[in-house]
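The listed protein sequences derive, respectively, from chains X and Y. My numbering puts the first sequence at residues 155 to 915. My numbering puts the second sequence at residues 40 to 126.
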Amino acid sequence: MATVGKTQGQEPSTNGQYKVIGTRPIRHDGVDKVTGRARYGGDTRLAGMLPGAMLRSPHAHAKLISVDTSKAEALPGVRAVVTSADLPDATDKIANLGEGSVNLKHLSDNVLAHDRVLYRGHAIAAVAADDIHIAEEAVGLIEVEYELLPPVMNVLDAMKADAPLLHDDIKTNDLGETADQLSNIATHIRFEKGDIEAGFAAADVIVEREFHTATVHQGYIEPHNATALWNADGHITIWMSTQGTFTARQQTAELLDVPVSRVKVVPMEIGGGFGGKISVYLPPVAAILSKKTGRPVQLLMSRTDVFEATGPTSGSTIRVKMGADSKGRITAAEAWMAYEAGAYPGSPVGAGAMCVFACYDVPNGKVDGFDVVVNKPRTNAYRAPGATNAAFATETVVDEICEKLKLDPAEFRINNAAKEGVRRIDGPVFPRVGMIETVEAIRDSEHYQTPLEGKHRGRGFATGFWFNVGLKSTAQATVNSDGTVALIEGSTDIGGSRAGIAMQLAETLGIAAEDVVPTVVDTDSIGYTDVTGGSRVTFATGWAAYLAAKDIQGQLIERAAKIWDCDVAKIDYKDGAVVGPDGKRFTFKEIAAEAQTVGEPVIGRGSADPQEPGGAFGTHLVDVEVDIDTGKVTVLRYTAAQDAGTAIHPAYVEGQIQGGVVQGIGWGLNEEYYYDDKGTMRNSTYLDYRMPTSYDLPMIDTIIVEVPNPGHPYGVRGVGEVPIVPPPAALANAIYNAIGTRMLELPMSPPKLLHEILKQQ
Amino acid sequence: MPTAFIPPALRKLTGDNDRITIEAHTVREAIAELEHKYPGIGARLTADGAIKPGLAVAVDGNVSSQGMLQKLQPDSELHFLPAIGGG
Numbered sequence: 155m156a157t158v159g160k161t162q163g164q165e166p167s168t169n170g171q172y173k174v175i176g177t178r179p180i181r182h183d184g185v186d187k188v189t190g191r192a193r194y195g196g197d198t199r200l201a202g203m204l205p206g207a208m209l210r211s212p213h214a215h216a217k218l219i220s221v222d223t224s225k226a227e228a229l230p231g232v233r234a235v236v237t238s239a240d241l242p243d244a245t246d247k248i249a250n251l252g253e254g255s256v257n258l259k260h261l262s263d264n265v266l267a268h269d270r271v272l273y274r275g276h277a278i279a280a281v282a283a284d285d286i287h288i289a290e291e292a293v294g295l296i297e298v299e300y301e302l303l304p305p306v307m308n309v310l311d312a313m314k315a316d317a318p319l320l321h322d323d324i325k326t327n328d329l330g331e332t333a334d335q336l337s338n339i340a341t342h343i344r345f346e347k348g349d350i351e352a353g354f355a356a357a358d359v360i361v362e363r364e365f366h367t368a369t370v371h372q373g374y375i376e377p378h379n380a381t382a383l384w385n386a387d388g389h390i391t392i393w394m395s396t397q398g399t400f401t402a403r404q405q406t407a408e409l410l411d412v413p414v415s416r417v418k419v420v421p422m423e424i425g426g427g428f429g430g431k432i433s434v435y436l437p438p439v440a441a442i443l444s445k446k447t448g449r450p451v452q453l454l455m456s457r458t459d460v461f462e463a464t465g466p467t468s469g470s471t472i473r474v475k476m477g478a479d480s481k482g483r484i485t486a487a488e489a490w491m492a493y494e495a496g497a498y499p500g501s502p503v504g505a506g507a508m509c510v511f512a513c514y515d516v517p518n519g520k521v522d523g524f525d526v527v528v529n530k531p532r533t534n535a536y537r538a539p540g541a542t543n544a545a546f547a548t549e550t551v552v553d554e555i556c557e558k559l560k561l562d563p564a565e566f567r568i569n570n571a572a573k574e575g576v577r578r579i580d581g582p583v584f585p586r587v588g589m590i591e592t593v594e595a596i597r598d599s600e601h602y603q604t605p606l607e608g609k610h611r612g613r614g615f616a617t618g619f620w621f622n623v624g625l626k627s628t629a630q631a632t633v634n635s636d637g638t639v640a641l642i643e644g645s646t647d648i649g650g651s652r653a654g655i656a657m658q659l660a661e662t663l664g665i666a667a668e669d670v671v672p673t674v675v676d677t678d679s680i681g682y683t684d685v686t687g688g689s690r691v692t693f694a695t696g697w698a699a700y701l702a703a704k705d706i707q708g709q710l711i712e713r714a715a716k717i718w719d720c721d722v723a724k725i726d727y728k729d730g731a732v733v734g735p736d737g738k739r740f741t742f743k744e745i746a747a748e749a750q751t752v753g754e755p756v757i758g759r760g761s762a763d764p765q766e767p768g769g770a771f772g773t774h775l776v777d778v779e780v781d782i783d784t785g786k787v788t789v790l791r792y793t794a795a796q797d798a799g800t801a802i803h804p805a806y807v808e809g810q811i812q813g814g815v816v817q818g819i820g821w822g823l824n825e826e827y828y829y830d831d832k833g834t835m836r837n838s839t840y841l842d843y844r845m846p847t848s849y850d851l852p853m854i855d856t857i858i859v860e861v862p863n864p865g866h867p868y869g870v871r872g873v874g875e876v877p878i879v880p881p882p883a884a885l886a887n888a889i890y891n892a893i894g895t896r897m898l899e900l901p902m903s904p905p906k907l908l909h910e911i912l913k914q915q
Numbered sequence: 040m041p042t043a044f045i046p047p048a049l050r051k052l053t054g055d056n057d058r059i060t061i062e063a064h065t066v067r068e069a070i071a072e073l074e075h076k077y078p079g080i081g082a083r084l085t086a087d088g089a090i091k092p093g094l095a096v097a098v099d100g101n102v103s104s105q106g107m108l109q110k111l112q113p114d115s116e117l118h119f120l121p122a123i124g125g126g
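1) Apart from the five residues on each side of it in sequence, which residues of its chain come closer than 6 Å, Cβ to Cβ, to K347 (chain X)?
2) My output table needs one value for L73 (chain Y): the three-state DSSP class, helix, strand or coil.
3) At the 8 Å Cβ level, is Y827 (chain X) part of the contact set with chain Y, yes or no?
4) Any C-beta of chain X sitting closer than 8 Å to the C-beta of I61 (chain Y)?
5) What in chain Y is Cβ-close to V583 (chain X), meaning under 9 Å?
6) In or out: R191 (chain X) buried (at least 16 other Cβ within 10 Å) or exposed?
7) Following the continuous alpha helix (DSSP H) through A887 (chain X), name the residue where it begins and the one where it ends.
8) Between X:K573, X:K626, X:D197, which lies nearest to G425 (chain X) when the distance is taken from Cα to Cα?
9) Is any beta-carbon of chain X found at less than 8 Å from that of I70 (chain Y)?
10) Which residue's Cα is closest to the Cα of D99 (chain Y): X:G649, X:A333, X:A440, X:Q765?
11) How many angstroms separate the CA atom of I504 (chain X) from the CA atom of P804 (chain X)?
12) With a 10 Å radius around its C-beta and 16 neighbouring C-beta atoms as the bar for buried, classify V96 (chain Y) as buried or exposed.
13) For chain X, check one thing: does any of its Cβ atoms lie closer than 8 Å to the Cβ of R83 (chain Y)?
14) Based on Cα-Cα distance, which residue from X:V236, X:G231, X:K217, X:A214 lies nearest to T223 (chain X)?
15) Between the Cα of L436 (chain X) and those of X:A207, X:A497, X:A888, spot the shortest distance and give me the residue it belongs to.
16) Counting only Cβ pairs nearer than 7 Å, list the residues of chain X close to L49 (chain Y).
17) Going by beta carbon distance, what residues of the same chain come within less than 6 Å of T161 (chain X), once the five residues before and after it are set aside?
18) Please report the straight-line C-alpha distance between A700 (chain X) and T399 (chain X), rounded to a whole angstrom.
19) With H366 (chain X) as the anchor, note down where its beta strand (DSSP E) starts and where it stops.
20) Against G687 (chain X), what residues of chain Y qualify as contacts under a CB-to-CB distance less than 8 Å, listed in chain order?
21) Go ahead and pull the three-state DSSP assignment for L200 (chain X).
22) Tell me, which residues are paired with A95 (chain Y) by DSSP?
23) Cβ closer than 9 Å: which chain Y residues qualify as neighbours of R690 (chain X)?
24) Sorted by chain position, which residues of the same chain lie with C-beta nearer than 7 Å to M678 (chain X)'s C-beta, five sequence neighbours on each side aside?
25) Taking only beta carbons into account, state which residues of the region 248–259 of chain X come closer than 7 Å to chain Y, listed in chain order.
26) Can you name the residues of chain Y whose CB is closer than 9 Å to the CB of M508 (chain X)?
27) With a threshold of 8 Å between beta-carbons, can G93 (chain Y) be considered close to chain X, or not?
28) Take the Cβ of S848 (chain X) as the centre, count every other Cβ of all protein chains shown within 10 Å, and call the residue buried at 16 or more, exposed below.
29) Thinking C-beta only, is I745 (chain X) closer than 8 Å to L710 (chain X)?
30) Please report the residue range of the beta strand (DSSP E) in which E301 (chain X) lies.
31) Where does the unbroken beta strand (DSSP E) through K325 (chain X) begin, and where does it stop?
32) Tell me the residue span of the beta strand (DSSP E) that contains S635 (chain X).
33) Taking the DSSP output, what are the residues bridged to D797 (chain X)?
34) Could you tell me whether the Cβ of K110 (chain Y) comes closer than 8 Å to any Cβ of chain X?
35) Once DSSP output is grouped into helix, strand and coil, what is the label at K160 (chain X)?
36) Using beta carbons (cut-off 8 Å, strictly below), is R449 (chain X) in contact with chain Y?
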C-alpha cells in the first residue's frame, strides 16, 4: 500500500509500524561537519609529506613525440618526477569494479598519457618537491613535443565516416560482433519490442524531435585529492576522497600491478561525488611518487583540473519519435541516442537507452544507442547516468503529444504509466513500482491545484526513472557494555547514509538511533563493500546492518539462555528486549551489561548482496517566469514527488530530492562545458561554469511517496539519483507553456533561449 | 521451462527468434543450451567462462550478481542487458 507525505517537513506515513525508521535524529557526524572538525582528504598531514603537481596537456588532441623531464629533475628541491613510463604496462584486461567495469589500458592511459593526449587537461607527468612552488616550477620545466591533431568535440562530428580517429584500436562493437573499420563509435546497442511500424500506423498523433544536451559536470564542492605512502615493506596506504574505497583499492592495485592486499584505502570525509569520485586519477601517481621519494606524497586538484581532467557526464544527441491514439494511449516509441564518452569508451548510453521510455507502457518500441569517443575528458557517472538526457527528450515529446491531444499531462502519464507487470522495451518486467503514485501525488498537490497566473509564466510537468542497484555491502556491530553499539561499515558517507544505516540497525535491535555509533572505516578494517553509488547504500548497506543486528539478536538470545539456563527456543527478541519463559526479560541495555561479564564479546556481522533494489520514479512540477528581453528563466515554484519505498530518515530523503532537483535545474538552465574551436574549455571555474545557488532558487518542495520495496526488509528504495532526471524536461515544458517556445537543446541558457524567442518574432 | 530473450543483435543467430525456451537450471546451463542450439551465441555473451564485461544478465527482472551461477526457476526469464553504473 502506498502512503504519501503531504508536504515538506511533514512525516511520510510509515503507518506507525516503526520506532526509529521515519524519524529525524541528528546525524552522527553532524557536529564534526558544522564545526569544521571533519577531516577531508586535503586536510591529510603526514610526517615528511611532500606536495606534488601535475603537468597537463594544453591541447585537446595530439601525439606525444617526446617528454623530457631532465630539467625538472635537476631543479633543486625536486624529489621525483613520474611519467607514464613509470606505470607498469597495462593490458587490455577489463576489470570488474562491481558497479561497472573498466578497460585497464584506457584507465592507465587516462591517469598518465602514454603516446597521445586526448583532451585538454590530460595528465602527462607529475612532480614531487619540497614545496608546492618548486613542484609547479618543475612542471613548467618539463619539455613536451606534440604533434597536433584535429580535435573532435561533438558526438555527431565524431560519428562521421571521415572524422579524425581518437584511437587506433576501436571498432564498433555490437554485442560481441566487431565492425571491420576503425571508428569513434565504440558500441552500438539496440532494444526492440513489438511491431514498431504497426504501432506508428495505429497512431493518430506522432511527434518526432531531435534534442541536444551539453557536457555537464557533477560540480562537487571538494576537488579530487590523494595522499599516498608506499612503505618500505611494499604496503601502500592511500588517504583520499572517494565514493568507493574498495573500488579505488582495486583500480590502484591493478594500475600499479600489485596485489589488492598491498593497498589500503583510507576514506576521508567526502565533499560530494555524485558519481564523479568512483574512477581514480591521482592515487597511482601519488603512490609512484611516494615509492620514488620514500616519503608520503599529496596531490590535490584545482577547480580547473577538476573541470578539465575528471569525468563529467555526456553531451548527447537524441531523436525521439512517439505516437499515440486519439484516446491518449501510446502506440509506439522510437529513440536514437548518441552519447559522448569523452576520450575513452564508456558513456552511460546503455542506461539512457534502458531509461528513455521506462516511465511508460510502450507496446511497440525501438531504441538505438551509440557510445562515441570525443576529445573531452573521459566521462564518468553523474546521478542516474544517462537518464536525464533521455528524459529531457521523451518528456518534451510527451508534453507535445498531450498538447496536441488536449490531454492533462498527469492523466496521460497515469493512463500510460509503467506499473507492475509492464514489460520494458529492454525486456524485463516491472515489479511493484510507484510511478502512478508519484504522478497522483503531484496531481493532487496544492501546487498543481493552484492556477498559475501572470504574463510569461508557465508550468511544466515531467517524470523520470532510475533503476537503483544492490551490490555488495558489509557491516559489523559490536555491543558495548553500556548498551550502545559501535557500527563499522565500508560505505563512504556522502548524503547522510551513516545515519540511515545506523537507524536500520537501531530499529532491528529496538534501541535509539543515538545509541548506535557508526564509523566508516578503511579497506583493511571491514569486509568488501561496493561503491557509494547507484542509490544503493541505504538499501544494501542498510540490509547488511539489518543482518548484523539479527546476528546480535541471536547471540543475545543464546547468552540469555545460558544465564537463565533454558532452551534458546523458549526465548524471543522483541521490542528491544530478550524475553524468556516465566516473565523473564532483559532489556537491551541489561543484556549488554550481562554479556560483558558472561561469555565472549557480542559482535554482529552482516554481509549482503541483495538483488532486488526496486526501481524509483519521480514526478516533478515547476513554475517559471521568462524574461523575453533577456531569455532569463526564473524558477518560481518547484515540487518534486518521489517514491522512496520507505523513507528511513525523511530529512535526508528530502535533502537528496532537493539536491538532485537543484543539479537538474543547473543542467537545464545554465550548465555546459563551453569549448573554443581548439577544444579548450573556456569556463573552467565556478565563476563562469554557472551552477545555481540558493539565491537563484525557491525552496524545493518535496512529497515523499512510500511504495515499499518488497525486496528489502524495511521496504527501502534508493532515492539519490532519480530526482535529477525530470528537471530539464519539466523546465522545458514550463518555458513552452510560458511563451510558446519549444526548447530542444540544453542548457536553456539566456542566450540560447533569447535566440529562439527572436526567431519566433 | 525458462525463456531466454534474445537481444536484436543476436537474432541473426537464432533465425530471428526473439524468445527461446530452454531446459536449464542455471544461467550457465542456459547459455550452453543456447550455444548448442545456435552455435556462436555463447561467444557473444561470455568470455573466460563468465558473462562478458559490459554485459549483465537479468533474471526475472533483476540484474544478477551471480552471473553464470544464477539459479533459474521453471518460469524464469533471462535478459542480456548492458551493464550499467549509477552515480
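Just so it is clear, CB atoms sit at the ideal spot from N, CA and C, and this is done for glycine as well.
Considering the structure as presented:
1) G519, I579
2) Residue state, collapsed to three classes: helix.
3) no
4) no
5) D99, G100, E116
6) So R191 (chain X) ends up on the exposed side.
7) It is Asn, not Ala, that sits at residue 887 (chain X) in the sequence shown. N887 (chain X) -> alpha helix (DSSP H) spans 881–893.
8) Nearest option by C-alpha distance: X:D197.
9) no
10) X:Q765
11) With the sequence shown as reference, residue 504 (chain X) is identified as Gly, and Ile is not the correct amino acid for it. Their Cα atoms are separated by approximately 31 Å.
12) buried
13) yes
14) X:V236
15) X:A207
16) Near L49 (chain Y) (Cβ distances below 7 Å), the residues of chain X are L329.
17) Low confidence applies here, because T161 (chain X) scores a pLDDT of 43, under 50, leaving its location unreliable and the question unanswered by this model.
18) For clarity, residue 700 (chain X) is Tyr in the given sequence; the question names Ala instead. Going by the C-alpha atoms only, they are around 22 Å apart.
19) The continuous beta strand (DSSP E) containing H366 (chain X) extends over residues 359–367.
20) G124, G125, G126
21) coil
22) Y:L120
23) For R690 (chain X), the neighbours in chain Y by C-beta distance under 9 Å run, in chain order, G125.
24) First, the amino acid is wrong: residue 678 (chain X) is Asp here, not Met. Answer for D678 (chain X): K418, listed in chain order.
25) I248, N250, E253, G254, S255
26) L120, P121, I123, listed in chain order.
27) yes
28) exposed
29) yes
30) Element bounds for E301 (chain X): 297–302.
31) 325–328 is the span of the beta strand (DSSP E), which, as asked, contains K325 (chain X).
32) Per DSSP, S635 (chain X) belongs to no beta strand (DSSP E) and is neither H nor E.
33) X:V859
34) Not an interface residue.
35) Confidence is the limiting factor: at K160 (chain X) the pLDDT is only 44, short of 50, which leaves the residue's position unreliable, though a coordinate-based value still follows. If DSSP states are grouped into helix, strand and coil, K160 (chain X) belongs with coil.
36) no
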